[in-house]
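>
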Amino acid sequence: AEYFQRAFEFSDRVSERELYQIQGEYYRSSEETFDQAIEAYEKLLVLYPEDGDANNRLGLIYKSIEEWDKAIERYEVCILNRYDRFFYYVNAAETFMARGMYERAGHILELFLDEFDDVAWIHGSYAVNYLSQRQYEFAHVEADKAIALDPTHFHAHWIKGDIYHAQE
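Under our numbering, the residue at position 56 of the sequence shown is numbered 57, and the numbers go up by one with no gaps.
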């Protein structure tokens with residue numbers, strides 16, 4: 002927060018692109034200023050419509066306020082451009098899951114695995130996707146894959162607990 006505040010204070014010294022990035026991130030820190038963050042990211046995307054980070058961050062805001070279609074639209078830019086940042090795919094999958102579109106969420110996660118790398122977060126998201134559909138055996142398998150890839154991956158351990166809880 003301190004560094005965002007300092008960046009914001011000195012934002013008159015940066016390029017237009019950096020200005021909108023700084024404003025977007027600064028205002029994204031509070032729900033009360035989400036409108037200003039959305040405005041900054043939209044201005045950035047007018048200039049750089051394919052910017053992965055701006056699309057992802059704007060998607061995060063829309064996801065936070067449950068504007069699912071707008072969030073999906075932003076994540077789709079990242080997916081269609083085949084950006085290799087796993088969290089773009091995880092965020093997209095979570096949004097599709099929130100809409101009950103589990104097959105599409107699985108497709109997004111599979112796409113990352115096929116094109117990039119085997120990442121614990123992707124398998125953790127797969128586990129959540131299966132858990133959401135009460136497919137507990139598959140959820141366990143994916144959570145175990147996440148833990149095998151990264152034993153310190155707290156989210157996968159948490160998901161394992163959720164699976165056991167759901168199974169009573």
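Quick reminder that beta carbons are idealized off the backbone N, C-alpha and C, glycines included.
1. Please look up how many angstroms separate the CB atoms of N82 and K64, rounded, as I've assumed it's under 8 Å.
2. Under a three-way DSSP split, which group does G53 fall into?
3. Would A149 be called buried (16 or more neighbouring beta carbons within 10 Å of its own) or exposed?
4. Sorted by chain position, which residues of the same chain lie with C-beta nearer than 8 Å to R86's C-beta, five sequence neighbours on each side aside?
5. Is it true that the CB of G25 sits closer than 9 Å to the CB of A2?
6. Roughly how many angstroms separate the alpha carbons of A128 and G101, rounded to a whole number?
7. Any chance you could list the alpha helix (DSSP H) runs of at least 4 consecutive residues sitting entirely within the segment 49 to 120, in chain order?
8. For D70, collect the residues of the same chain with a Cβ closer than 6 Å to its Cβ; drop the 5 residues on either side in sequence, then sort them by chain order.
9. Do G125 and A147 have their C-beta atoms within less than 9 Å of each other?
10. Between Q6 and Y27, is the Cβ-Cβ spacing less than 9 Å?
11. Rounded to whole angstroms, what's the CA-CA distance from L61 to Y90? Just pull it up for me.
12. Can you tell me whether Q168 is buried or exposed, with buried defined as 16 or more other CB within 10 angstroms of its CB?
13. If you reduce the DSSP assignment to three classes, tell me which class E169 lands in.
14. Taking the continuous alpha helix (DSSP H) assigned at A2, which residues delimit it?
15. From the DSSP output, in three-state form, read off D36 for me.
16. Quick one: give me the first and last residue of the alpha helix (DSSP H) that F139 is part of.
17. Relative to the C-alpha of G107, which candidate in R75, Q22, I123 and V15 has its C-alpha closest?
The relevant details are as follows:
1. On the sequence shown, position 81 is the one that residue 82 refers to. On the sequence shown, position 63 is the one that residue 64 refers to. In fact, because the Cβ distance is near 19 Å, the residues do not count as touching under 8 Å.
2. Position 52 of the sequence shown, counted from the start, is the residue given in the question as residue 53. G53 falls in the helix class under three-state DSSP.
3. As a position in the sequence shown, residue 149 is number 148, starting the count at 1. Counting the other Cβ atoms within 10 Å of the Cβ of A149 gives fewer than 16, which makes it exposed.
4. Indexing the sequence shown from 1 puts residue 86 at position 85. Hits under 8 Å: G53, N57 and C79.
5. Locating residue 2 in the sequence shown gives position 1, where the first residue counts as 1. Locating residue 25 in the sequence shown gives position 24, where the first residue counts as 1. Judged by their CB atoms, A2 and G25 are not nearer to each other than the 9 Å cut-off.
6. As a working note, residue 128 is residue 127 in the sequence shown. As a working note, residue 101 is residue 100 in the sequence shown. The alpha-carbon of A128 is positioned some 15 Å away from that of G101.
7. Here the runs fully enclosed are 53 to 65, 69 to 81, 87 to 99 and 103 to 116.
8. Taking the sequence shown and counting its residues from 1, the one referred to as residue 70 is at position 69. Sequence-distant partners of D70 (beyond 5 residues in either direction) whose C-beta falls short of 6 Å from its own C-beta are missing from its chain.
9. Residue mapping note: residue 125 aligns to position 124 of the sequence shown, counting from 1. Residue mapping note: residue 147 aligns to position 146 of the sequence shown, counting from 1. Yes, these two residues count as a Cβ contact at 9 Å.
10. Stepping through the sequence shown from its first residue, residue 6 is reached at position 5. Stepping through the sequence shown from its first residue, residue 27 is reached at position 26. For Q6 and Y27, yes; Cβs fall inside 9 Å.
11. Here residue 61 is taken as the residue at index 60 of the sequence shown, counted from 1. Here residue 90 is taken as the residue at index 89 of the sequence shown, counted from 1. Cα to Cα, the separation comes out at about 12 Å.
12. The sequence position of residue 168 within the sequence shown is 167, counting from 1. Exposed, because fewer than 16 other Cβ atoms sit within 10 Å of the Cβ of Q168.
13. What you label residue 169 is simply residue 168 of the sequence shown in a count that begins at 1. Note: E169 maps to coil in three-state DSSP.
14. Residue numbering aside, residue 2 sits at position 1 when the sequence shown is read from its first letter. Careful: A2 lies outside any alpha helix (DSSP H) and carries neither H nor E.
15. Taking the sequence shown and counting its residues from 1, the one referred to as residue 36 is at position 35. Under the three-state reduction of DSSP, D36 is assigned to helix.
16. By 1-based counting over the sequence shown, the position of residue 139 is 138. It spans Y137 to L150 - the alpha helix (DSSP H) in which F139 sits, taken as one unbroken run.
17. The residue labelled residue 107 in the question sits at position 106 within the sequence shown. Comparing Cα positions, the closest option is I123.
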